[in-house]
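Chains as they are written, first to last, in my numbering: chain A, -15 to 580; chain B, -15 to 580. Glycine included, every Cβ here is placed at the ideal spot set by N, Cα and C. First comes the structure, then the notes that go with it.
Shown next as structure tokens:
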């Protein structure tokens, strides 16, 4: 070893001993014959001191040549500092340098290697190896390592086996786009990179492996959004001889274990909510339950007045056609937000009218502290009617009611966005608060207007609830699946299902999804074949590992938790990839590039 | 859970309790009103018993419908067996079935799910999910899981961080062929799958990560041999601020840890041998040191007689031109093999003359028990000369000397093959004996006759030994590298090097390897750029994880330790991949298939 100690470990107890440290020059101060150097490595920062007259001249000369990020090796005695720094773990000591050696020089880095850096996103990605020197970035990856360790420990202790499944597999048109790999040895044929090890883990259950997991890279060739990467990592799990309840308990256990080990938090048992209820209450199958602000639907009679109070005149002026024509009128009550200014309310209206959200307008009702009600629809509704709404929505003096109307599915999505925005504005989405939720009973199928056929909501191997089996023939849209998502703070961190393990039901499922018998056979024949030889009841779950890490790290983007991420065009700007390959390579692979 | 216990855990202590087991029907015996079922799962086998008159009629009916590999759920009381089976861990007990349920049926499997199966290699690969049900195959993957666990534990305890490096990287022509992945979003451009995370782990060192590891899939598009797979797994490691000695010690420690934890073996410190010595002594840079049988070179004067005995007539008849013309005459002494028959010796001659080995012939000398010497070159050499050889080769009465001659490099390779064959024939290569060796001081460069240029023996990032630096200009072929391989039982299980961390030396190295400045820049510019900003001294190692597992498992092929391996044509015959993809997919990727 070139060093005896690292830059994070020396303390008062070491005083008097000699140490050799290696690391990067964080800062140099040269004042009146004394030079201080902050030397940094992965473990911390230690102060070096050189003093004219005391330190040998050669070391002082070397110290005066140093620049930021030079790599040096320093030997000296560990001494007590005269001016201690209680913000640094090594702040009580310093090294009185007796020998200093430059191991490597450094050009001036293009941005500061500090927590608060002056480098923009693009330059930090190009020089990712420098960005990774920053404490906060390195800590993200240390967190990721710990998350993986604790995950493995938990699952290993439960007798799960980690099995590596292949990366070069077979392309299937179902689901998202595959990345493909031309095969040189099998001319004109391609491997695909797995979007998940789904079929392989099911085959492992057929093989009797009973409890499987894998922390595994998966691939999806999709147009990227901020929190998507073409390659991402899953904690992929599967169990046999279990029911849905067992999966939920086992992986609720894993999640609690991680929170305990990493954050020393004891989470309460996770509440459960059906998909239908989540959509009704939050307009969202991954609701952020750190705050309530539940949806309240106003029935057509309530829009005017309560039936028992028919004698009260409901309308001030004309009827309000926007509500009258709407399939659904639904609102939220933002506690203590009646003081929202007109400007703030206008901004909220603009927010819901953004094309990505698409509402036509926003109705607000302020329940003022003095008991009066003030709304954007005063000319249509009397105060009595507004009071009626307030009661329905459980609004108190000081609250703000926000109401949207329109087609049920659309208006729920719009109100869900508004609810999240209000949660953020009112400070209800604290990154250090964790609210968990199992969303269960997802629909099995999803009608796609464009292709005029059903798609699998989860994937084609998800089993319908036994009690809904008959509906498969009569009303497939109503069939619920034994499928579940784990949602934390509005983020879907995991999802899975109990699988079909009966070959006839699986064949029926493929037919329902529009597969011809031939297509089903050529794409999934191996799985259906496997089901002929004693497939056990089984099910599983997969966690998005990058997202789980970002949740634990209190960040929004998964990119910060990936050592070498790609940008939104799928490029690694550091290595400048993808890139063209040689004609010789193309020829060997029997392919040509043909630009569209 | 559908079960209360698994099929491997019930013992005498459980007698009297009730249990529910799930598993696969291994065997059924139906004799005179008593039915025994051996029920198997991953954990073991438990005997079920049903008895006419005692067991309810329905369960008996169900039992009589069962076939091999049916999946059943059985409930009953745990009872002591009248005829115990001490070969089974559960052999003292049986389950007196009170309720039996078929969870799934099975067709008759295409081969027996037993340790000794009747299925050939091809059918077992096609039905790999059934092959994996066999104890011996499953145990291989359980071993693999344990190897990974203990590896991670060891490295985690030493403060190594596991960092995931990207799978979609950049193609580089150096080394073996890359698998490539067309990029849809970057028309005409390709990612490559990594042959190793080499450059990324070096960047992590530049980033200050200090101690990195990863158990990671790597990819190589080569024509496959029996023990090669297009995708394989490495234990990939790198450290900063270290010297070669530190790497050797750290990973010798890892290897000892694995032997201790997995096999309860305390290995002695690993001997070290230079590449030059390994080639001289074993004709092989990965010698099997479970047995000696070292090479002995016969100098030209020894081929005739020792200089001190010039007075003895050396030749019986003519000179032996084969030896006279040879650059090298070299032999091995096979202890206690003088009793080899003429037929056995002829077979050895055939063996070395096989085209893959390519020797022209084999000279043998039997040192008979009666002290006489009998050789295949009696008519050329007197017994005194043969005695002379025997002394040189340390042969005793009863030993067999085997001698090859020819061009030094070739004859060493040939004799190495013969040595291994003799080791096998004489039972000197016991799978339960483990002989370790560090081979060090590899040459930096390798002259390639075909391309008339130097190739990197390890890879272009390997550092020359400082004391050989001057030779880089004058005689590059003689430059030794700080490169090392870990060899166990003649298998190269790991290899690595201390890396270049100086940008000028790295540039010089690329030039020596025939890279133009532009090529070096476009392929490795990111690394050379990184070296400008304070790269620390660093080095590392990578273990072939599949091979390490097969070594521990006592098997020759790595395939047995991979859940879903590919065949020698790179095909997964179970999922039938690679396969053709749709024209639409090709179009989206801007590529065409053009058959050669």
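Report the CB separation of residue 87(B) from residue 30(B) in whole angstroms; it is logged as a contact under 8 Å. Rounded, the Cβ-Cβ distance is 16 Å, inconsistent with contact.
So what's residue 530(A) in DSSP terms, helix, strand or just coil? helix
Partner residues on chain A for residue 493(B), Cβ-Cβ distance less than 9 Å: Within chain A, not a single residue places a beta-carbon under 9 Å from that of residue 493(B); the smallest gap is close to 16 Å.
Specify the secondary structure class of residue 53(B) as computed by DSSP and reduced to three states.
-> Reduced to three states, the DSSP call for residue 53(B) is coil.
Chain B contacts made by the stretch 193 to 205 of chain A, where a contact means CB separation under 7 Å: 193, 194, 201, 205
Buried versus exposed, by CB contacts within 10 Å (16 or more), residue 524(A):
buried
State the DSSP-derived secondary structure class of residue 392(B), mapped to helix, strand or coil.
-> helix
query = Taking only runs of the alpha helix (DSSP H) that begin and end inside the stretch 387 to 431 of chain A, which ones reach a length of at least 4 residues, in chain order?
reply = 392 to 409
List the whole-angstrom C-beta distance separating residue 4(B) from residue 67(B), where the pair is believed to meet the contact cut-off of C-beta under 8 Å. Actually they are not in contact, since the Cβ atoms of residue 4(B) and residue 67(B) sit about 24 Å apart, beyond 8 Å.
Would a check of beta-carbon distances place residue 225(A) closer than 8 Å to chain B?
-> yes
| query | Tell me which same chain residues have a C-beta within less than 8 Å of the C-beta of residue 116(B), skipping the five on either side of it? | reply | Answer for residue 116(B): 122, 125, 547, listed in chain order.
Among 444(B), 157(B), 527(B), whose alpha-carbon lies nearest the alpha-carbon of residue 478(B)? 527(B)
How would you list, in chain order, the residues of chain A whose beta-carbon sits under 9 Å from the beta-carbon of residue 554(B)? For residue 554(B), the chain A residues whose Cβ falls inside 9 Å of its Cβ are 152, 167, 168, 169, 170, 175, in order along the chain.
- [ ] Spatial neighbours of residue 197(A) within its chain, please: CB distance less than 7 Å, with the 5 preceding and 5 following residues excluded, ordered by chain position.
- [x] Cβ neighbours of residue 197(A) beyond the five flanking positions: 139, 144, 146, 219, 220, 221.
- Item | Same chain, Cβ closer than 7 Å to residue 360(B), five either side skipped, listed in chain order | 347, 348
| task | Measure the C-alpha to C-alpha separation of residue 517(A) and residue 135(A) and round it to an integer number of angstroms. | result | Cα to Cα, the separation comes out at about 32 Å.
Along chain B, in chain order, which residues have C-beta atoms closer than 8 Å to that of residue 446(A)? What residue 446(A) touches in chain B: nothing, since even the nearest Cβ is about 18 Å away.
Rounded to whole angstroms, how far is the Cβ of residue 403(B) from the Cβ of residue 277(B), which I believe are closer than 8 Å?
5 Å
Return the bridge partner residues of residue -9(A) from the DSSP annotation. DSSP, once it has assigned bridges, lists no residue as partnering residue -9(A).
- prompt: Along chain D, in chain order, which residues have C-beta atoms closer than 8 Å to that of residue 113(B)?
  reply: Protein chains A and B are contained in the structure displayed, whereas chain D is not.
Can you list, in chain order, the residues of the stretch 301 to 319 of chain B whose Cβ is nearer than 8 Å to any Cβ on chain A?
none
Starting from residue 218(B), follow its DSSP beta bridges and name the residues at the other end. 200(B), 528(B)
field: Start-end ranges of the beta strand (DSSP E) lying completely within the stretch 151 to 183 of chain B, minimum 3 residues
entry: 164 to 166, 174 to 176
Environment of residue 372(B) [buried if 16+ CB atoms lie within 10 Å]
buried
Taking C-beta to C-beta, are residue 379(A) and residue 317(A) nearer than 8 Å?
-> yes
* Just how far apart, CA to CA, sit residue 401(A) and residue 231(A)? -> In a straight line, the C-alpha of residue 401(A) is about 31 Å away from that of residue 231(A).
Nearest-angstrom Cα separation, counted from residue 493(A) out to residue 181(A):
20 Å
Report task. Quick one: using the 10 Å Cβ neighbour count with 16 as the cut-off for buried, is residue 553(A) buried or exposed? Result -> exposed
So, does the CB of residue 6(A) fall closer than 8 Å to a CB anywhere in chain B?
With its beta carbon less than 8 Å from one in chain B, residue 6(A) belongs to the interface.
Would you be able to state if there are at least three C-beta pairs under 8 Å between the stretch 209 to 217 of chain B and the stretch 550 to 565 of chain B?
yes
**OP:** Tell me whether residue 233(A) sits in a helix, a strand or coil according to DSSP, three-state version.
**Re:** helix
Requested in this report: Output, in sequence order along the chain, the residues in the stretch 245 to 275 of chain A whose CB is closer than 8 Å to any CB in chain B.
Outcome: Correct list: empty, as no residue qualifies.
Using a Cβ-Cβ distance cut-off of 8 Å, determine whether residue 155(A) contacts chain B.
yes
Counting C-beta neighbours from all protein chains within 10 Å, is the total for residue 92(A) 16 or more, i.e. buried, or is it exposed? exposed
message: Need the endpoints of the alpha helix (DSSP H) that residue 490(B) sits in, please.
response: 487 to 496
_residue 390(A), buried or exposed, once every other Cβ within 10 Å from all chains shown has been counted against 16_ = By the 10 Å Cβ count, residue 390(A) comes out buried.
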